[in-house]
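Trainee: First the structure, which I've put down as structure tokens, then a few questions once you've had a look.
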Amino acid sequence: MVFGVNLGSTTSCKISSESAYIIWRSLIDRNVSVEHLNALENYIHDQDFLKVCKDINEEYQKEIKQLTKLADAFGINGPDPFLPGQTIKSDQEVMRDQEIGEVLYRFMRLDVNMILLSLKYVPINDEVQQKMINLAQKAMYRVDAFIKYLKKKNWIFTPPEYRNTPPNVTEKVGVNEIHLLTDHLLFRYNNIRLTELFAAYAQDPDFALVLKAGVRILQKEVKLLEDRLLYFGIALPKAYPDTVPKPEKKEYFEDRFIFNTILRGMQDALALHGSAVQEIVVNDKLREFFIDLALGEINLMVKMSLYGKGRGWANLVPGYQAGE
2 MVFGVNLGST
12 TSCKISSESA
22 YIIWRSLIDR
32 NVSVEHLNAL
42 ENYIHDQDFL
52 KVCKDINEEY
62 QKEIKQLTKL
72 ADAFGINGPD
82 PFLPGQTIKS
92 DQEVMRDQEI
102 GEVLYRFMRL
112 DVNMILLSLK
122 YVPINDEVQQ
132 KMINLAQKAM
142 YRVDAFIKYL
152 KKKNWIFTPP
162 EYRNTPPNVT
172 EKVGVNEIHL
182 LTDHLLFRYN
192 NIRLTELFAA
202 YAQDPDFALV
212 LKAGVRILQK
222 EVKLLEDRLL
232 YFGIALPKAY
242 PDTVPKPEKK
252 EYFEDRFIFN
262 TILRGMQDAL
272 ALHGSAVQEI
282 VVNDKLREFF
292 IDLALGEINL
302 MVKMSLYGKG
312 RGWANLVPGY
322 QAGE
């Protein structure tokens, strides 16, 4: 059965050193953001924008409580708590609302990157990984909603639009967004070819089925990417042949090596999806599309990691315990 590994409970008292760092770093980032928001709220003119900032502030404070519980559970020394909000009597003209929005948007972009990078590694503690996945989902939806809000206010810098779309296409798209679609498609062409070749060399029959299932998933994603490029009038790059040569010997590649190479490709894909989510400004539908791709990739990475751990193939990162 594909991914048919019964691991039972894989939750451990330990977490990885990388997870410990991400929990600590996420706490610091949110504490700094809350302190800045508390101060910046004194300079905001637009009452609607003030409400948006207060709502984001509350979200970060809820996440701080969740992360603090994790830090306490694993003996991670957290940062000093954020300073409470204070009313500052000063000239409100010191800062413009647009500047405040741009600063907050840049933190959100960095936050998406940091949290998605934390999901690259095979987890020691699956419960902690799930909490970080929830944070990643919130971070992506948060930056998506904030970009839409800044666009509504005309407070965000937008890249040049791609002007060579077909006459019947009224949908706007940025020049960088066309590049992101093309880059993703080329990346997936390579992923499909490599996975097909590895499936031919896989010695374990069940693992070969896993790889072939992965090819089918990649082919569906490629079709979505190709459709979007064709819609905007972009010529598709050259794909690789469909034929896969049958190897005379399968011993050239170990299954463990194949697994870790494929998993690394999935991790790189997640980083690529995340960069698209934070960089796309002009076309909201494309940003939502890449959020879906990122969440789908996370789901597959979790399953693939569990599969590799069950086979003893996964490269686990160093663990962390209090006092180490």
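Quick note: the sequence shown uses our numbering, first residue 2, plus one each step. No residue lacks a Cβ here, since even glycine has one placed at the ideal position from N, Cα and C.
From the DSSP output, in three-state form, read off Tyr253 for me.
Mentor: coil
Trainee: For the alpha helix (DSSP H) that Tyr241 lies in, which residues bound it at each end?
Mentor: That residue, Tyr241, is in no alpha helix (DSSP H); it is neither H nor E in DSSP.
Trainee: Return no unless some Cβ of chain D is closer than 8 Å to the Cβ of Lys173.
Mentor: The chain inventory of the structure shown lacks chain D, comprising one protein chain alone.
Trainee: Would you kindly report the start and end of the unbroken alpha helix (DSSP H) that includes Met109?
Mentor: Asp98 to Ser119
Trainee: Please give the ranges of any alpha helix (DSSP H) in the region 172 to 250, keeping only runs that are unbroken, at least 4 residues long and fully inside the region.
Mentor: 176 to 202 and 206 to 232
Trainee: Tell me the DSSP bridge mates of Ile16?
Mentor: In the DSSP output, where bridge partners are listed per residue, Ile16 has Tyr321.
Trainee: Determine the closest residue to Cys54 out of Gly76, Ala137 and Val144, with distance taken between C-alpha atoms.
Mentor: Val144
Trainee: Provide the residue(s) that pair with Glu162 in DSSP beta bridges, ordered along the chain.
Mentor: Gly175
Trainee: Considering only the alpha carbon of each residue, which of Thr244, Asp73, Leu71 and Pro248 lies closest to Gln204?
Mentor: Pro248
Trainee: I'd like the span of the alpha helix (DSSP H) that includes Asn58, first residue to last.
Mentor: Counting along the chain, the alpha helix (DSSP H) containing Asn58 begins and ends at Gln48 to Ala74.
Trainee: Please tell me whether Gln220 and Ile263 are closer than 8 Å, where the distance is taken between their beta carbons.
Mentor: no
Trainee: Can you give me the C-alpha to C-alpha distance between Ile218 and Met109, rounded to a whole angstrom?
Mentor: 30 Å
Trainee: Evaluate Asp228 with the Cβ neighbour count: other Cβ atoms within 10 Å of its Cβ, from every protein chain shown; 16 or more gives buried, anything less gives exposed.
Mentor: exposed
Trainee: Quick check on Asn316: does DSSP put it in helix, strand or coil?
Mentor: coil
Trainee: What whole-angstrom Cβ distance do Val176 and Ala140 have, given they're in contact under 8 Å?
Mentor: About 26 Å separates the two Cβ atoms, so there is no contact after all.
Trainee: Using 10 angstroms around the beta-carbon of Asn126, count the other beta-carbons present and answer buried if the total reaches 16, otherwise exposed.
Mentor: buried
Trainee: Check the C-beta distance from Ile281 over to Leu273 and give it rounded, since I have them as a contact under 8 Å.
Mentor: Not really, about 13 Å apart at Cβ, beyond 8 Å.
Trainee: Report yes if the C-beta distance between Thr26 and Met115 is below 8 Å; otherwise report no.
Mentor: For clarity, residue 26 is Arg in the given sequence; the question names Thr instead. Against a cut-off of 8 Å, the Cβ pair of Met115 and Arg26 comes out as a contact.
Trainee: For Arg257, which of Pro82, Gly275 and Met305 has the nearest alpha-carbon?
Mentor: Met305 is the residue among Pro82, Gly275 and Met305 whose C-alpha sits nearest the C-alpha of Arg257.
Trainee: Only counting the same chain, and skipping five residues up and downstream in sequence, which positions put a Cβ closer than 6 Å to that of Ala72?
Mentor: Ile24 and Gly79
Trainee: Can you tell me where the alpha helix (DSSP H) with Ile42 in it begins and where it stops?
Mentor: The question names Ile, yet the displayed sequence has Glu at residue 42. Neither: Glu42 is in no alpha helix (DSSP H) and is coded neither H nor E.
Trainee: Return helix, strand or coil for Ile299, following the three-state DSSP convention.
Mentor: DSSP places Ile299 within a helical segment (H, G or I) once states are collapsed to three.
Trainee: So is Tyr253 buried or exposed if we call it buried at 16+ other beta carbons inside 10 Å?
Mentor: exposed
Trainee: Do you know offhand how far Ala21's Cα is from Ala236's?
Mentor: 45 Å
Trainee: Leaving out five residues on either side along the sequence, give the residues of the same chain with a beta carbon under 8 Å from the beta carbon of Glu298.
Mentor: Met267, Ala270, Leu271 and His274
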